[in-house]
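Working notes, beginning with the structure itself.
Protein chains in written order, with this note's numbering: chain X, 4 to 229; chain C, 4 to 229.
Structure, rendered in C-alpha cells:
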C-alpha cells in the first residue's frame, strides 16, 4: 500500500488544515490497513517518508474502535519501505520481486473486507486485476505477471488495460463502488459520511455534517459543524 | 425506468447544445433499455412527456449496433407511462401496484448485464435493494415491500436506508461502480469514454476525446475534437 507520509491530501486543502489533513490521512490509512487484515491480506507500506505511528494513533481516542485496539497497536508491526521517488517508480521497483502483489491506495475510505475480498479472489483467476477509480484512475490492482508495470500518470485504467492486451496477460476488472471511490477531493467527503464505517468517518463526522439542496437529485455537500 | 423527455441533461449544458443533450439522453436511454433486456428484465418507461422514438433512432446510424437492430426497433414496443409530476411522486404512484419492481435511472451509461444482474439477483433475497450513486444518491432500486416509497430529494441513499430500518424491511446494497455512476455532469463524460461500450459512448467518442494532465494521478478530462 503506497502512502504519502509527507504532505498528504493536498487537494483537501480548501476544506481541512494541514494538521487535519495529516490526521485524516493517517486515519484513512489505518482503516484500509485494518480492512486488508480482515480480508486476509498481509499489508506492507510503501511510504514516501518514515510513517509517524504516533500520529496514526493520536488525534483519535479509540472510542469507536469496537475491538479495543488502537490504530497504533494495529499498525505498529507492519513492514514499511521508505521510497521517496514518484509513486509509479516506487511501486514498479517493489513489483520487480515477481510474486503476486496487490497494490491498494491508502485513501480508499469506503473499502470493506467484502469488496477487497472480491479483488483478491479475482487475483486467483487472472494475471492482472484492476479496480477502476472514478475519473479514469486505477485504485487497486493485483499483479501476477512478471512483465506488467504500473503507470499512474494520466488515464491509468485505460493504459493498464492496453498494457494487458499488449502483454497478452489475462485481465479481470472488479466492478465495485467501494473500490472506485478514493477520498481525495472535498466532494469525496460526502461519500465517507454516507457510506463509511471506520475511524476516518467518525473523525470526519465529529467535524462535518451532510447538507442537501432542495429538489429531486439536489446536490449533497458537507458543511463544517458550528 | 424514469426518463425526462422534455429537457434532459441540463447539467451538461456547458458542454453540449440542447439538441446534442436530447440526442445523447435518448442514446443513453436506448443503451440502458437494451441492457435491461440483456439482463432478463422487462422494461417500462415512466416519462415526463411522450417519448420521441424518432429522436431515439435519429442522430445515430446504427453502425455500432452489432445485432443489426436500430435503437428505434429495440425501443418502439415498450410500454410508456407519461406522468409529468416530479420524479418521486411519479415513481411512488407506479410502485403502488405492489409487485416487485426495479427502478433504474435512464442515465446509467456504464451499466452492463452483469451489474444489473447482480441488482436483480439481490432483489430475490431482500425486500429492498439499493445501488447507491456517487454523491449520496440512489441510482437503482428493487422494491418488493408494500409500504416502501422512494424519496429522491436530498441524500436519498441514507434516507432509503433509514426507511428500511423503520419499516423493518430487509435491505441489500449492491456494490457496483457501473451502477454508481450516472452520466449527469461534464466530469461524468470521462467515465463513459473510458468504461462505456454502447451507442451513447460511440456518439460521444465521435465528438470528444480524453485529455490528461501530467503527473501521477493527474486529472482526466474530455475535450471537444477539432
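We treat Cβ as the ideally placed atom computed from N, Cα and C, and that holds for glycine.
What residues from chain C crowd round residue i, counting only those whose CB sits closer than 8 angstroms?
| i | result |
| --- | --- |
| residue 215 of chain X | 139, 156, 157, 158 |
| residue 135 of chain X | 180, 197, 198 |
| residue 161 of chain X | 197, 213 |
| residue 42 of chain X | Within 8 angstroms Cβ-Cβ: nothing; residue 42 of chain X doesn't reach chain C, min ~14 angstroms. |
Mind checking which residues open and close the beta strand (DSSP E) that includes residue i?
| i | result |
| --- | --- |
| residue 144 of chain C | 140–146 |
| residue 153 of chain X | Run containing residue 153 of chain X: none; DSSP gives neither H nor E here. |
With a 10 Å radius around its C-beta and 16 neighbouring C-beta atoms as the bar for buried, classify residue i as buried or exposed.
| i | result |
| --- | --- |
| residue 157 of chain X | buried |
| residue 191 of chain X | buried |
| residue 13 of chain C | exposed |
| residue 138 of chain C | buried |
| residue 168 of chain X | exposed |
| residue 5 of chain C | buried |
| residue 229 of chain C | exposed |
| residue 128 of chain C | exposed |
| residue 85 of chain C | exposed |
| residue 140 of chain C | buried |
| residue 173 of chain X | exposed |
| residue 69 of chain X | Low confidence applies here, because residue 69 of chain X scores a pLDDT of 48, under 50, leaving its location unreliable; read the following figure in that light. Exposed, by the Cβ-count rule. |
| residue 121 of chain X | buried |
| residue 142 of chain C | buried |
| residue 11 of chain C | buried |
| residue 252 of chain C | It is not possible to answer for residue 252 of chain C, since the shown part of chain C is limited to 4 through 229. |
| residue 25 of chain X | buried |
| residue 101 of chain C | exposed |
| residue 80 of chain C | exposed |
| residue 150 of chain X | exposed |
| residue 115 of chain C | buried |
| residue 99 of chain X | exposed |
Which whole-angstrom value is the C-beta distance of residue i and residue j, which I expect to be below 8 angstroms?
| i | j | result |
| --- | --- | --- |
| residue 199 of chain C | residue 112 of chain C | 5 angstroms |
| residue 109 of chain C | residue 177 of chain C | The pair is not a contact, with the Cβ atoms about 18 angstroms apart (cut-off 8 angstroms). |
| residue 125 of chain X | residue 175 of chain X | 4 angstroms |
| residue 202 of chain C | residue 21 of chain C | Residue 202 of chain C to residue 21 of chain C, Cβ: 19 angstroms. No contact. |
| residue 49 of chain X | residue 97 of chain X | 6 angstroms |
| residue 153 of chain C | residue 91 of chain C | 6 angstroms |
| residue 182 of chain C | residue 118 of chain C | 5 angstroms |
| residue 105 of chain X | residue 145 of chain X | 5 angstroms |
| residue 225 of chain X | residue 211 of chain X | 4 angstroms |
| residue 206 of chain C | residue 19 of chain C | The pair is not a contact, with the Cβ atoms about 11 angstroms apart (cut-off 8 angstroms). |
| residue 39 of chain X | residue 107 of chain X | 7 angstroms |
State the DSSP-derived secondary structure class of residue i, mapped to helix, strand or coil.
| i | result |
| --- | --- |
| residue 186 of chain C | coil |
| residue 48 of chain C | strand |
| residue 245 of chain X | Chain X is shown only over 4 to 229; residue 245 of chain X falls outside these bounds and no answer can be derived. |
| residue 20 of chain X | coil |
| residue 212 of chain X | strand |
| residue 42 of chain C | coil |
| residue 83 of chain X | strand |
| residue 120 of chain X | helix |
| residue 94 of chain X | helix |
| residue 132 of chain X | strand |
| residue 13 of chain C | helix |
| residue 202 of chain X | helix |
| residue 69 of chain C | For residue 69 of chain C, the predicted model reports a pLDDT of 48, less than 50, meaning its position is unreliable and no value from the coordinates is stated. |
Using a cut-off of 8 angstroms between C-beta atoms, extract the partners of residue i located in chain X.
| i | result |
| --- | --- |
| residue 118 of chain C | 178 |
| residue 223 of chain C | 138, 139, 140, 157, 158 |
| residue 105 of chain C | Simply none; closest approach about 18 angstroms. |
What first and last residue would you give for the alpha helix (DSSP H) that runs through residue i?
| i | result |
| --- | --- |
| residue 194 of chain C | 191–198 |
| residue 175 of chain C | Here residue 175 of chain C belongs to no alpha helix (DSSP H); instead the beta strand (DSSP E) covers 174–176. |
| residue 224 of chain C | Per DSSP, residue 224 of chain C belongs to no alpha helix (DSSP H); it is in the beta strand (DSSP E), 223–227. |
| residue 105 of chain C | Premise fails: residue 105 of chain C lies in the beta strand (DSSP E), 104–107, not in any alpha helix (DSSP H). |
| residue 99 of chain C | Where residue 99 of chain C is concerned, there is no enclosing alpha helix (DSSP H), given that its DSSP letter is neither H nor E. |
| residue 169 of chain C | 159–170 |
Along chain C, in chain order, which residues have C-beta atoms closer than 7 angstroms to that of residue i?
| i | result |
| --- | --- |
| residue 193 of chain X | 138, 139 |
| residue 143 of chain X | Result: empty, since nearest Cβ-Cβ is about 12 angstroms, beyond 7 angstroms. |
| residue 16 of chain X | Chain C residues near residue 16 of chain X: none, gap ~15 angstroms exceeds 7 angstroms. |
| residue 175 of chain X | Those within 7 angstroms of residue 175 of chain X in chain C number zero; the least Cβ separation is about 12 angstroms. |
CB of residue i to nearest heavy atom of the ligand FMN: below 7 angstroms?
| i | result |
| --- | --- |
| residue 124 of chain C | Judged by which ligands are present, the structure shown has none, so any question about the ligand FMN falls away. |
Could you list which residues in chain X have their beta carbon closer than 9 angstroms to that of residue i, in chain order?
| i | result |
| --- | --- |
| residue 52 of chain C | Going along chain X, no residue has its Cβ under 9 angstroms from residue 52 of chain C, so there is no contact; the nearest lies around 16 angstroms. |
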